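Chains L and H are the protein sequences, given in the same order.
Under the working numbering, think of the first position of the first sequence as 3, with each following residue one higher.
Under the working numbering, think of the first position of the second sequence as 3, with each following residue one higher.
Cβ coordinates follow ideal geometry from the N, Cα and C atoms, glycine included.
None of the values given here were measured: they were computed from a predicted structure.
There are 2 protein chains.
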Amino acid sequence: MSNMDSVRVRVFSLNCWGIRYLSKYCPQRYAMIGEMLYKEQHDIVLLQEVWSEKDYLFLKKKLASCHPHSHYFRSGVIGSGLAIFSKHRIRDTFLYRYSLNGYPYMAHHGDWFGGKAVGMAILNLGSLTANVYVTHLHAEYSREKDSYLPHRVVQAWELQQFIRHTSAGADVVIVGGDLNMHPQDLGNRLLRAYTGLQDSYLETAKFDGCENGMTLIADNPFISKKELVPFEKGIRIDYILFKGSSKADVHCDSMSTTKGSVPNHPFPYSDHEALTAELRLEPHTPAETGSDRKLKNKDSTTGKLAELVDIVTEARTEVKVGLHCAERMRYTAARTGVMGLALLFLELVIAAVPYLALGAEQPFPRTSFYLLAVLCFAILLTTSMLYIFYTMELKSLQGAEDQMRLGIGSLQEKLKGFCLAQLHNPSGRPPEVQEPSAFEPEE
Amino acid sequence: MSNMDSVRVRVFSLNCWGIRYLSKYCPQRYAMIGEMLYKEQHDIVLLQEVWSEKDYLFLKKKLASCHPHSHYFRSGVIGSGLAIFSKHRIRDTFLYRYSLNGYPYMAHHGDWFGGKAVGMAILNLGSLTANVYVTHLHAEYSREKDSYLPHRVVQAWELQQFIRHTSAGADVVIVGGDLNMHPQDLGNRLLRAYTGLQDSYLETAKFDGCENGMTLIADNPFISKKELVPFEKGIRIDYILFKGSSKADVHCDSMSTTKGSVPNHPFPYSDHEALTAELRLEPHTPAETGSDRKLKNKDSTTGKLAELVDIVTEARTEVKVGLHCAERMRYTAARTGVMGLALLFLELVIAAVPYLALGAEQPFPRTSFYLLAVLCFAILLTTSMLYIFYTMELKSLQGAEDQMRLGIGSLQEKLKGFCLAQLHNPSGRPPEVQEPSAFEPEE
Chain L
3 MSNMDSVRVR VFSLNCWGIR YLSKYCPQRY AMIGEMLYKE QHDIVLLQEV
53 WSEKDYLFLK KKLASCHPHS HYFRSGVIGS GLAIFSKHRI RDTFLYRYSL
103 NGYPYMAHHG DWFGGKAVGM AILNLGSLTA NVYVTHLHAE YSREKDSYLP
153 HRVVQAWELQ QFIRHTSAGA DVVIVGGDLN MHPQDLGNRL LRAYTGLQDS
203 YLETAKFDGC ENGMTLIADN PFISKKELVP FEKGIRIDYI LFKGSSKADV
253 HCDSMSTTKG SVPNHPFPYS DHEALTAELR LEPHTPAETG SDRKLKNKDS
303 TTGKLAELVD IVTEARTEVK VGLHCAERMR YTAARTGVMG LALLFLELVI
353 AAVPYLALGA EQPFPRTSFY LLAVLCFAIL LTTSMLYIFY TMELKSLQGA
403 EDQMRLGIGS LQEKLKGFCL AQLHNPSGRP PEVQEPSAFE PEE
Chain H
3 MSNMDSVRVR VFSLNCWGIR YLSKYCPQRY AMIGEMLYKE QHDIVLLQEV
53 WSEKDYLFLK KKLASCHPHS HYFRSGVIGS GLAIFSKHRI RDTFLYRYSL
103 NGYPYMAHHG DWFGGKAVGM AILNLGSLTA NVYVTHLHAE YSREKDSYLP
153 HRVVQAWELQ QFIRHTSAGA DVVIVGGDLN MHPQDLGNRL LRAYTGLQDS
203 YLETAKFDGC ENGMTLIADN PFISKKELVP FEKGIRIDYI LFKGSSKADV
253 HCDSMSTTKG SVPNHPFPYS DHEALTAELR LEPHTPAETG SDRKLKNKDS
303 TTGKLAELVD IVTEARTEVK VGLHCAERMR YTAARTGVMG LALLFLELVI
353 AAVPYLALGA EQPFPRTSFY LLAVLCFAIL LTTSMLYIFY TMELKSLQGA
403 EDQMRLGIGS LQEKLKGFCL AQLHNPSGRP PEVQEPSAFE PEE
């Protein structure tokens, strides 16, 4: 590492609300977004809900000179909606599709068709390797009765897994996107506690933007105030998160959000507010993160581990609730299917009786016969598809639950090691703990 | 790293062919497998096609004392079929589901329902961190007319991405499973060249097993010889691959396969042969992998990079073929759907004419009318589902193609850096190349 100068990186994140023909003023807003991005020249631009590839290509053309590197992440039926534009060369990309993402029959919520995912791009910032992630989790349509909560918790679980497991080689980690979670929501705590990611809004030295860093605000003309209840003023659900490593520290020097309107324009960029964070990366030699630092942090590490165990346990409970729900739904689908089958069987028997008793007149009006048969087949088809779908949902939930159980076990094992070491050797590092990467903030 | 002694690890891999009620002698074979694993006490056991959780639980119980740590990877409708048993504590697990995996309507091939995936488990082997992967790719049903080739190439692409991006923190990488690819098949070359993984059959000091390391052999009574044509004796499609790091070298001391029969038993463990590799891990301090090694390997690195560019280009061509196919299929689905719609419309018009011309007699026999309407609706439903499915397939193929293009660009950039450096500074390491992790064998 020859270059030890600090590197300044401006990161931008926006949920573009880009549903062609459905989102209001879509082309005009993309023109505004393109104009603004061209003027602002951020280092890294993370966009969500760019549902149409044409809009991505429009931005790509517009930003060709200032952001020559870009990637559009594809998945699902419509796409993932995720895009990244960068001043710096994108060396590699990778996409992880969440295993759960709502229900296809909830077409009015549309999330299933979007194929929600997390996209990763690896790029060089000065002498440092940065892993940049952009994601968009399942929306919350009702805070009181959030039937998608288990799905979102599993998405947050998979997000932290993906970031943790893919960022071991990174000097800097940057995550941006619409998490659809409030700052203290379970999934958000899970993500931050497991990965050690820091929230730029909480860490920034300087802030300019909406009250409490809100990104979905009542003052935005595209927002219906009814949807925000009980949070009259708005909520904070979009984030830029970051993390350093043994090779670099990351600081957030300033952060800003848009405030529901754009000067000289009749409407804002989107229904979400845009986020900009100015990060300062300070490369250092690994030696600087010596035992001094580690010792200082040992007590807080133990505390953090214990907290993490609690959070994962809470997440596991939530996933179990989802499991019960999915089991019940699958049972209902199976029962309805069996009823459809019974009805079909009954109909055939009734129709067959006069046929067998040769010459007897058919008691069934032909039209009703056909209609009933069609109904039975429709029931059978629908319920078998639902059965398959719920089975897949169950497998994913069970998988997440298994992994969480294993995760809790590993964390507890580690905690035990730390506590024992502190008892026997209060000034040194526990020799029996050889699992640094399971909990990265400590590294 | 205090312990510098070498570590011996015995790795086992078997495709168990565990389709309950369909695979022959399933319970008996699981009993045999459990017995053998209990006796052999491998360090790591990687199983594929354990389709039923009951069978996994049977093995878990049987192996509780010798393999206290295990994980069953769930995905798709039936499951991923992947399981891992370990003597060593499993610290963490992660599952990646391949974005493409055959077609749901090819139910007789069944791959789609299996939810093919790659599972990862992180464990400690002595002082070393090992990332262990188990996977099973889409089957090849016909070598001449392999319509699943693009799917398998994309799976191999995603497999190498997953391994490469998640193993940066690992000291040792071990991969086992049924790749459904011959040693020189495109996907296999892609996987090995990009990740630097070594094939234990090719690297082993000692081998005992079937000719040419074959794992699907004509001598196995469960194999129909017709399926193997034109490879009368058999093929090699199951593998144990491995890779060291700057912290450890890995050597394969011996390797063996079963030979189509089991002494004292009337039939073998499975239709595939089982693989066992004895690996020796030699931990060393990173200093030992100094500039000497790197210099020695520079020429071969340039050659390998050039070869890798060729392989990725070949893979990209294959994905493009798949793209054209999927586009054609989607077009056919759309056209059929439009025809169904037109037919429905025509029928309604014919039915409506006498209705509008009041009193005129209905020319349509009622039964045919209903049957035709049902047919039209069935066509519409089927074609729209197919359209959605092919759209998803297209997105995945396009996504892989994009990533491959980007990958080729990065590799070429790197190759250029190497060549320039060799021209100007034939004895040193190129200073302008700062992208070591994009191509790991060189590290």
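Among the options, the one whose alpha carbon lies nearest that of residue i
{"i": "D173 (chain L)", "options": "L:N222, L:L283, L:F224 and L:M257", "result": "L:L283"}
{"i": "S386 (chain H)", "options": "H:V355, H:D404, H:L350 and H:A336", "result": "H:A336"}
{"i": "P270 (chain L)", "options": "L:I239, L:I219, L:I176 and L:V252", "result": "L:I219"}
{"i": "M257 (chain H)", "options": "H:R12, H:A328 and H:L127", "result": "H:R12"}
{"i": "L307 (chain L)", "options": "L:N266, L:G419 and L:L49", "result": "L:G419"}
{"i": "M446 (chain L)", "options": "L:L310, L:E395 and L:F371", "result": "Past the edges of chain L, shown from 3 to 445, lies residue 446 (chain L), and the structure says nothing about it."}
{"i": "E403 (chain L)", "options": "H:A66, H:A380 and H:F96", "result": "H:F96"}
{"i": "D201 (chain L)", "options": "L:G211, L:D210 and L:N190", "result": "L:N190"}
{"i": "Y40 (chain L)", "options": "L:Y27, L:L125, L:T260 and L:A66", "result": "L:A66"}
{"i": "Q163 (chain L)", "options": "L:T197, L:Y150, L:V134 and L:R154", "result": "L:T197"}
{"i": "H286 (chain H)", "options": "H:D312, H:A276, H:G246 and H:D113", "result": "H:G246"}
{"i": "N17 (chain H)", "options": "H:G179, H:K56 and H:S169", "result": "H:G179"}
{"i": "G411 (chain L)", "options": "H:G20, H:Y23 and H:I92", "result": "H:I92"}
{"i": "Y107 (chain L)", "options": "L:F233, L:R22 and L:L388", "result": "L:L388"}
Closer than 8 Å to chain H by CB, residue i
{"i": "I176 (chain L)", "result": "no"}
{"i": "G246 (chain L)", "result": "no"}
{"i": "H73 (chain L)", "result": "yes"}
{"i": "S256 (chain L)", "result": "no"}
{"i": "E437 (chain L)", "result": "Since pLDDT at E437 (chain L) reaches only 40, below the 50 mark, its modelled position is unreliable, and the value read off the structure follows with that caveat. Yes, E437 (chain L) counts as interfacial toward chain H."}
{"i": "G401 (chain L)", "result": "yes"}
{"i": "R2 (chain L)", "result": "Lying outside 3 to 445, the shown extent of chain L, residue 2 (chain L) is not represented and no answer is given."}
{"i": "R368 (chain L)", "result": "yes"}
{"i": "Y372 (chain L)", "result": "yes"}
{"i": "R295 (chain L)", "result": "Confidence is the limiting factor: at R295 (chain L) the pLDDT is only 47, short of 50, which leaves the residue's position unreliable and the question unanswerable from this model."}
{"i": "A170 (chain L)", "result": "yes"}
{"i": "S412 (chain L)", "result": "yes"}
{"i": "H167 (chain L)", "result": "yes"}
Minimum Cβ-Cβ distance from residue i to chain L less than 8 Å
{"i": "K397 (chain H)", "result": "yes"}
{"i": "A279 (chain H)", "result": "no"}
{"i": "L408 (chain H)", "result": "yes"}
{"i": "G81 (chain H)", "result": "yes"}
{"i": "M394 (chain H)", "result": "yes"}
{"i": "I390 (chain H)", "result": "yes"}
{"i": "V376 (chain H)", "result": "yes"}
{"i": "H286 (chain H)", "result": "no"}
{"i": "Q424 (chain H)", "result": "no"}
{"i": "Q405 (chain H)", "result": "yes"}
Cβ pair residue i, residue j closer than 8 Å
{"i": "Y100 (chain L)", "j": "E160 (chain L)", "result": "yes"}
{"i": "F87 (chain H)", "j": "V175 (chain H)", "result": "no"}
{"i": "E280 (chain H)", "j": "D240 (chain H)", "result": "no"}
{"i": "G128 (chain L)", "j": "L84 (chain L)", "result": "no"}
{"i": "L139 (chain L)", "j": "L204 (chain L)", "result": "no"}
{"i": "R238 (chain H)", "j": "T260 (chain H)", "result": "no"}
{"i": "V136 (chain H)", "j": "L277 (chain H)", "result": "no"}
{"i": "F115 (chain L)", "j": "I80 (chain L)", "result": "yes"}
{"i": "H90 (chain H)", "j": "H71 (chain H)", "result": "yes"}
{"i": "R154 (chain H)", "j": "M183 (chain H)", "result": "yes"}
{"i": "G2 (chain L)", "j": "V52 (chain L)", "result": "For chain L, the structure presents residues 3 to 445; residue 2 (chain L) sits outside this window and is missing."}
Mind checking the region 148-162 of chain L against chain H and listing, in chain order, the residues whose C-beta falls within less than 8 Å of any C-beta there? none
Which residues, taken in chain order from the region 90-109 of chain L, show a beta carbon closer than 8 Å to some beta carbon of chain H? R91, I92, R93, D94, T95, F96, L97, Y98, R99 and S101
Along the chain, which unbroken stretches of the alpha helix (DSSP H) at least 4 residues long are found entirely within the region 146-175 of chain H? 151-168
Residues, ordered as in the chain, of the region 36-70 of chain H that lie near chain L by beta-carbon distance below 7 Å: none
Return the chain-ordered ranges of every beta strand (DSSP E) run that is complete within the region 170-218 of chain H and spans a minimum of 3 residues. 174-180
If contact means a Cβ-Cβ distance below 9 Å, which residues of the region 5-39 of chain L contact chain H? none
Interface positions of the region 297-331 of chain H facing chain L (Cβ-Cβ less than 7 Å), listed along the chain: none
What residues from the region 128-141 of chain L come within 7 Å of chain H, judged by C-beta to C-beta, listed N to C? S129 and T131
Could you pull out every unbroken beta strand (DSSP E) segment of at least 3 residues lying fully inside the region 215-260 of chain H, listed in chain order? 240-245 and 250-259
Every unbroken beta strand (DSSP E) within the region 77-126 of chain H, with a cutoff of 3 residues, ordered by chain: 84-88 and 92-99
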